[in-house]
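Residue numbers (full-length UniProt numbering): 1 to 161.
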Amino acid sequence: MITIIAAAAENNALGKDNDLVWHLPDDFKRFKQLTTGHHIIMGRKTFESFPKPLPNRTHIVITRQKNYAPEGCIVVGSLDKALELSKTDDTPYIIGGGEIYKLSIQIADRIELTRVHGTFEADTFFPEIDENKWQLVKSEFHAADDKHKFPFTYLTYERIK
Numbered sequence: 001m002i003t004i005i006a007a008a009a010e011n012n013a014l015g016k017d018n019d020l021v022w023h024l025p026d027d028f029k030r031f032k033q034l035t036t037g038h039h040i041i042m043g044r045k046t047f048e049s050f051p052k053p054l055p056n057r058t059h060i061v062i063t064r065q066k067n068y069a070p071e072g073c074i075v076v077g078s079l080d081k082a083l084e085l086s087k088t089d090d091t092p093y094i095i096g097g098g099e100i101y102k103l104s105i106q107i108a109d110r111i112e113l114t115r116v117h118g119t120f121e122a123d124t125f126f127p128e129i130d131e132n133k134w135q136l137v138k139s140e141f142h143a144a145d146d147k148h149k150f151p152f153t154y155l156t157y158e159r160i161k
């Protein structure tokens, strides 16, 4: 089951200048809980936005750069190759960025989206979710609080068969 995991604003903003435009500790915890023990597939810029590789996950980085070889990562030149190398994982996660999401939304089985309630200036965006192809199967709202400046909702979509 190929799963896309992302946090996007109401205007589908993902980030700006290779960084998130909000800080939601509970979303980070959920990301860690869901992806630990799995393959995480990402573009080079997404990987480079991390201070270091995330523990207990197999990192697969997609890039066109030859000789790109960050320690502890598998580097491939295409999404197809990344998915081929993830076949041993029953739930590989596609974690970004914008271009990788655009490619993978055509083939993914599930989307785990944190919808951040707000509109943000960004340079990277999540693709539109086509309601004719995706069904919302779970929704869990979280109000803003002292640790979360913005309210957000966890949304789980499954591809309509």
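For every residue, glycine included, the Cβ atom is placed at its ideal position computed from N, Cα and C.
Measuring CB to CB, does I129 end up less than 7 angstroms from I4?
One-based indexing of the sequence shown puts residue 129 at position 129. One-based indexing of the sequence shown puts residue 4 at position 4. It is not a contact, given that the beta carbons lie outside the stated cut-off.
Roughly how many whole angstroms lie between the Cα atoms of I40 and N56?
To locate residue 40, count along the sequence shown from 1; it is residue 40. To locate residue 56, count along the sequence shown from 1; it is residue 56. Taking the straight line joining both Cα atoms gives about 10 angstroms.
Per DSSP, the bridge partner or partners of V116:
Here residue 116 refers to the residue found at position 116 of the sequence shown. Looking at the DSSP assignment, V116 forms a beta bridge with A9 and F152.
Reduced DSSP category for K138 - H, G, I as helix; E, B as strand; rest coil
On the sequence shown, residue 138 is found 138 positions in, with the first residue counted as 1. Residue state, collapsed to three classes: strand.
Using the C-alpha atoms, what's the distance from V21 back to H142?
Looking up residue 142 in the sequence shown gives position 142. Looking up residue 21 in the sequence shown gives position 21. C-alpha separation (whole angstroms): 18 angstroms.
State the DSSP-derived secondary structure class of T36, mapped to helix, strand or coil.
Working through the sequence shown from its first residue, we reach residue 36 at position 36. Three-state result, T36: coil.
Taking the alpha-carbon positions, what's the T119 to R44 distance?
If you number the sequence shown from 1, residue 119 lands on position 119. If you number the sequence shown from 1, residue 44 lands on position 44. If I take the Cα positions, the gap works out to 26 angstroms.
For R57, which beta-bridge partners are listed by DSSP?
Start at 1 with the first residue of the sequence shown, and residue 57 comes out as number 57. Per the DSSP secondary-structure output, R57 pairs with nothing in a beta bridge.
The stretch 67–75 contacting the stretch 98–106, beta-carbon criterion three pairs below 8 angstroms:
no
At the level of alpha carbons, what is the spacing between D17 and D123?
Residue numbering aside, residue 17 sits at position 17 when the sequence shown is read from its first letter. Residue numbering aside, residue 123 sits at position 123 when the sequence shown is read from its first letter. In a straight line, the C-alpha of D17 is about 7 angstroms away from that of D123.
DSSP on G98, reduced to helix/strand/coil?
On the sequence shown, position 98 is the one that residue 98 refers to. Correct three-state label for G98: helix.
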